[in-house]
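This report refers to the structure that appears directly beneath it.
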Amino acid sequence: MDYSLYPRHDVLCIDMRSFYASVEAVKLGLDPMKVMLAVVGDPNRSGSIVLAASPALKRKYGISNVSRFYELPKDPDIVIAPAHMADYLKVSTEITKLLNRYAPKEAIHVYSVDEVWVTVNGLERLFGSPREIAEKIKQDIFESFGLTCSIGIGDNKFLAKVAMDLHAKKSGIAECRYEDVKEKLWPAPIEKIWGIGSRMKHNLNRMGIVNLGQIANFKLALLKKRFGVMGEQLYWHAWGIDLSPVFGDFTRPEQKGFGHGISLLRDYTGEEVAVCILDLSEEVCRRARTANKVGKTIHLGISYSKETRGGFSRSQSIHIPTNVTMDVYQVCMHLFRKFYDGASKIRHVYVTLDNLFEKGETQLDLFEDRAKKNDIGYVMDAIRDKYGSTAILRASSYTDAGITIDRSGKIGGHYA
């Protein structure tokens, strides 16, 4: 591979070690690297998910971020902390501000609440080599917040990310340049590589591919034929090549749809779930109205409880694009009545509005006042924007089946 044809940058990928658990440990005056601490979404529910486990808890008991509260060992040394999402977002924001001392905003790409890329091209005179910059940032974060991070360094985002994932989590700081790919990346199992999930791993294993080097030496044409554009990306990543931007506006691409779903705290009956569907339709349409969009395709997803399993996922397109709550709700209920088996308990509901258009003039209808229906939604949105998300609700939201009031106190589905 002739790497002289591809750009070289100095990119750092910074990952906060067990971020949620570390923040909770610092709040309690404990050492994040030594204490056994688990952050639980809702300690009042035995089935609540463990959102984060401290490094010590992972080492001793193998607890992962997909474990459940009831799976935690009965060890008195384990500290249980409820999730505080607002605290994590605040600390994440402050860490980003700290990084802004080293690099301009256009060189900082926040990937998630606990992970960020920073491009440090041309900063040698101010702060030293990329590794020296990484060491200073690592020390600065520890002194400012008491938190430990791992940092990968590479010629692009992919190399920085996999260097961090494969090597920096053990050594603290790791570097991988184009020339290091064969030695440092090719022996890695494919499931350890960023961007390769369980389904892709299974498909690649069926082709006899178990490590990254085998992808690099597989025929590109065959990978493209089997996986399309994803196959081409796999091939170039296996050679360490990634052309994604390292400077500029890192905003998401244009919105393709608006979706909202919930894992219910208990089993819902067919009658109760109508209230949940209405609340979700309201939130989906509120987001569409905020973006000044309307949609023609409405999707409803239903998953049954563990006892019966299964469910369905169906969509329907309508003639006139809409962002009116009751329009979406009525289509969802039509789909529900058509495909629900009539008996199973329900544990997960998802509503989506896509096939989007810019909202233009309201199309007239001889049989209903569409302008009035549109105005009602915008008025309700304005009240909520001014006085809070629960300032005005539909009566059904106050029933036991309603979900809006409970969700209003959460961030990302967890308590703030």
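In our numbering, the protein residues as written are 4 to 419.
Even glycine gets a Cβ: it sits at the ideal position worked out from N, Cα and C.
Extent of the continuous beta strand (DSSP E) to which residue i belongs
i	result
Phe261	260-271
His351	349-361
Val178	Correcting the residue type first, residue 178 is Glu in the shown sequence and not Val. 176-179 is the span of the beta strand (DSSP E), which, as asked, contains Glu178.
Leu40	40-43
Ala137	Where Ala137 is concerned, there is no enclosing beta strand (DSSP E), although the alpha helix (DSSP H) it sits in stretches over 133-148.
Val82	82-85
Bounding residues of the alpha helix (DSSP H) (the contiguous stretch that carries residue i)
i	result
Ala241	232-241
Val334	328-342
Ala166	160-166
Pro58	58-64
Tyr91	88-102
Val184	184-187
His205	201-209
Arg11	Element bounds for Arg11: n/a, residue is neither H nor E.
Arg128	127-130
For residue i: DSSP bridge partner residues
i	result
Phe315	Ile305
Asn214	Pro192
Ile379	Answer by DSSP bridge pairing: none, since Ile379 is not bridged.
Asp18	Glu118, Ser153
Ile111	Val121
Ile52	Arg71
Val297	Phe360
Ser320	Thr300
Rounded Cβ spacing between residue i and residue j (contact assumed at less than 8 Å)
i	j	result
Leu102	Ile156	In fact, because the Cβ distance is near 15 Å, the residues do not count as touching under 8 Å.
Pro420	Gly211	No statement about residue 420 is possible, as the shown extent of the chain runs from 4 to 419 and does not include it.
Gly380	Thr300	Wrong, their Cβ atoms sit about 19 Å apart, outside the cutoff.
Val354	Leu283	4 Å
Asn159	Asp245	4 Å
Ala86	Gly44	5 Å
Sub-9 Å separation of residue i and residue j beta-carbons
i	j	result
Ala55	Val42	yes
Val82	Glu138	no
Lys204	Asp168	no
Ile193	Cys16	no
Gly260	Asn326	no
Tyr181	Met4	yes
Thr402	Val278	yes
Val14	Ala163	yes
Ala219	Val184	yes
Cys288	Leu338	no
Val334	Val276	no
Arg71	Ser95	no
Asp302	Arg290	The amino acid at residue 302 is misidentified as Asp; the sequence shows His. In this structure, Arg290 does not lie closer than 9 Å to His302 by Cβ.
Ser25	Gly149	yes
Asp90	Met39	no
Phe253	His112	yes
Ile144	Ile98	yes
Cutoff 8 Å; reference residue i; Cβ partners in own chain excluding five residues on either side
i	result
Ile66	Ala41, Val53, Ala56, Leu60, Glu74, Leu75
Glu364	Low local confidence applies: a pLDDT of 49 at Glu364 is under 50, so the model's placement there is unreliable, and no value is given.
Thr272	Lys348, Ile349
Phe130	Tyr105, Val123, Ile136, Lys139
Trp197	Phe161, Lys164, Val165, Asp168
Cβ shell of residue i (< 6 Å), same chain only, five flanking positions each side left out
i	result
Phe22	Asp117
Phe315	Ile305, Phe342
Phe360	Val297, Pro324
Gly243	Leu162, Tyr181, Val184
Tyr9	Ile244
Pro133	Asp13, Val123, Ile156
CB contact below 9 Å: residue i versus chain D
i	result
Trp242	Here chain D cannot be found, since the structure has a single protein chain.
Same chain, Cβ closer than 7 Å to residue i, neighbours up to 5 away in sequence not counted
i	result
Lys30	none
Tyr114	Trp120
Arg292	Asn326, Gly380, Tyr381, Asp384
Tyr307	Gly313, Gly314, Ser347, Lys348, Ile349, Arg350
His263	Leu283, Glu286, Val287, Val354
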